[in-house]
Structure formats: structure tokens, C-alpha cells
Amino acid sequence: MAKSVLIFGGSRGIGAATALYFAEKGYKVAITYNNSGYAAKIMQQNITANGGEFIVIPCDVTSSVQVDSAIKQAVSAFGRLDAVINNAGIAEQKLITDVTDTDWQKMLNTNLSGVFYACRSAAKVMVNQKNGSIVNVSSIWGITGASCEVAYSATKAGIIGLTKALAKELGPSNVRVNCVAPGVIDTEMNSNLDIGALADLADETPLGRIGTTEEVAKAIYYLANDADFITGQVLSPNGGIVV
Ligand code: NAI
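Everything in the sequence shown is counted per this note's numbering, starting at 133 for the first residue and increasing by one.
Quick look at the structure:
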């Protein structure tokens, strides 16, 4: 029987590449979208036209009700849920003195509470199944911290702590929990960086370039599908910029 995956924030960037990669590997795929409903529907048309099973679910990850509902809809469509990928996230560059209470709460709610809600909801399903794998998307800035990204770095570090703790809690139920911590990847999230800033980041990277969404998708797939004896780990596809 084909395995199934739910990818939060799957309509663009790393999430879309991950959805396509899992679909190519024969998974039944559910993605959530927040604003990019049109892009999600186009992906659905393309994949179902090639015989794949693909559903799209609107979901704002800052709402635990919507996250629970997304998990329920995926389980009801596929009968079970083998993997959940917590990819939805936002970034913002500001001096800490410019970060408002609203900015801070929005970052926490989206990047950290969203992952918490999805892990809590997925845990209920996967513990029942006695099987499953969760992959959370952190960042190298969650490992090292980034200047002018205090809020973002804090949420991404929080995801690493959450992942390690949950791996211990769910391991006895045969549920694995890992995270990826990508380096700089070519997506809309970095569209506010000018060409010079991106070139500097590429220069600082031992492999001499920034990464692609497909490279992160492969790392996520490895952790979700192949890494049978790996849990509580951080895999960082980053070109060597953080070792
Ligand atoms: P992106 O901006 O293209 O994608 C972000 C996704 O999160 C979108 O699908 C968006 O709809 C979704 N999202 C944002 N707020 C949401 C909300 N409230 N509810 C539901 N979905 C929401 O950027 P990218 O680069 O593909 O980011 C994906 C993940 O990778 C994020 O968690 C990001 O922090 C992480 N990351 C990205 C890196 C990069 O250099 N692009 C590096 C390290 C981590």
C-alpha cells in the first residue's frame, strides 16, 4: 500500500519541492496552503493527471483548530498518515529594538506554535498506528543564531528542542521525530535579500553556492522515509556553512 504524507505549507518553496519529491516516490500527498490556493490547485492537477493521489487543504498553522482539522482530513482521505512535515514558517530581519510585541507573537505563533500543534495532533494518530515519522523544518539560524533575526532564530532553536524532546517521548511508540536545519536556500523567503547579499552568503558557503529546494526535499525525504534508526536528530543541508 502506498504511504501517505501531509506537508504543512506545501504550495511553494521548500514545501512544494518536498511535495513533488514525495509524489515522485509514490506517496499519497496532502499539502496545506495558507495564501497560495491557486498554486496548490495547479500542483494537484499536475500530479493527479499523472496518476498520483494529491489533496490540498487550506490551513493557517497559527490555529490549532485548523491544524487538527488538516490532520483529520488527511487521515480520512488516506486511511493513515505515515509522515508529517512541518515546513510552514515566516522570517523577518529587524534589530531587536524594532521588533514589536505583535512581530514577536506572530513569529512564535507561526513558526513554533504551528509546529507544536501539528506534532500534538500527529502524535495522537501515529501513536495509535504504532508507526509514523515527523520532520520539522528548523534552520541553521536555530543552531547558530543570526544577527537581526532574534525572533526567527529563537523559534527555530525552539523547534530543535521540541524535536529532541518529542523523539524521546514517542520513540517507544515507534514514532520518529527529526528536523532539518537548512542553510540559505533559493526561495521567496530570501527574495528581500539583494543580489550582493546572496552572493556574500554563497561566498561564505564552502560549496560556493546557496542551496536548492530539491536538496532540502531530499534530506526531508531521507529522514521521513529511509532513516529507520534515526530519531531526535538535526540534519543540516547547508553546503558546509555550519559544521
Ligand atoms: P516560503 O516563504 O516560500 O514558504 C513558507 C511557507 O510557509 C509557505 O507555503 C507559506 O504559505 C507557509 N506559511 C507561512 N505562514 C503560514 C501560516 N500562518 N499558516 C500556514 N502556512 C504558512 O519559504 P521557504 O524558504 O520555502 O520556507 C519553508 C521553511 O523552510 C520555513 O519554515 C523556513 O523558515 C525554512 N527555512 C528556509 C530557509 C531558506 O533559506 N529559504 C533556510 C532555513 C529554513
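All C-beta atoms in this analysis are idealised placements derived from N, C-alpha and C, irrespective of residue type, glycine included.
All of these numbers come straight from a predicted model, not from anything done at the bench.
- Just so you know, the alpha carbons of residue 185 and residue 279 end up roughly 42 Å apart.
- Rounded to the nearest whole angstrom, the C-alpha separation of residue 363 and residue 347 is 20 Å.
- Residue 290 sits in a helix when the DSSP states are folded into three classes.
- By the criterion of a C-beta distance shorter than 6 Å, residue 205 is surrounded in its chain by 189, once the five residues flanking it on both sides are discounted.
- Going by beta carbons, residue 287 and residue 146 fall outside the 9 Å limit.
- Assigned with DSSP and collapsed to three states, residue 190 falls in strand.
- Under the 8 Å Cβ criterion, the segment 293 to 309 does not count as touching the segment 318 to 332, having fewer than three qualifying pairs.
- DSSP places residue 333 in the helix class (H, G or I) of the three-state scheme.
- Looking only at 133, 167, 178, the smallest Cα-Cα distance to residue 151 is reached by 178.
- Remark: C-beta atoms of residue 266 and residue 308 approach each other more closely than 9 Å.
- For residue 137, the pairing in a beta bridge is given by DSSP as 161, 215.
- Contiguous alpha helix (DSSP H) elements confined to the segment 248 to 310 occur at 272 to 276, 282 to 302, taking only those with 4 or more residues.
- Between the C-alpha atoms of residue 182 and residue 230 there is a straight-line separation of about 48 Å.
- Around the beta carbon of residue 281, a 10 Å sphere encloses 16 or more other beta carbons of the protein chains shown; the residue is thus reported as buried.
- As computed with DSSP, residue 343 is found in a beta bridge with 317.
- Relative to the non-hydrogen atoms of ligand 1, the Cβ of residue 267 never comes closer than 8 Å to any of them.
- Counting of Cβ neighbours within 10 angstroms places residue 361 among the exposed residues, the total staying below 16.
- Comparing alpha carbon positions, the residue from 196, 144, 276, 139 closest to residue 320 is 144.
- Cβ neighbours of residue 215 within its own chain (closer than 6 Å, five residues either side excluded): 137, 265, 356.
- Excluding the 5 residues flanking it on each side, residue 304 has no same chain C-beta neighbour closer than 8 Å.
- Where residue 179 is concerned, the enclosing alpha helix (DSSP H) starts and stops at 169 to 181.
- Note that the C-beta distance between residue 371 and residue 328 is not below 9 Å.
- In terms of side-chain proximity, the C-beta atom of residue 140 is found nearer than 8 Å to a non-hydrogen atom of ligand 1.
- Distances between the C-beta of residue 242 and the heavy atoms of ligand 1 include at least one below 8 Å.
- Shown here for residue 180: same chain residues with a beta carbon closer than 6 Å to its own, the five before and five after excluded, namely 186 in chain order.
- At least one heavy atom of ligand 1 sits closer than 8 Å to the Cβ of residue 273.
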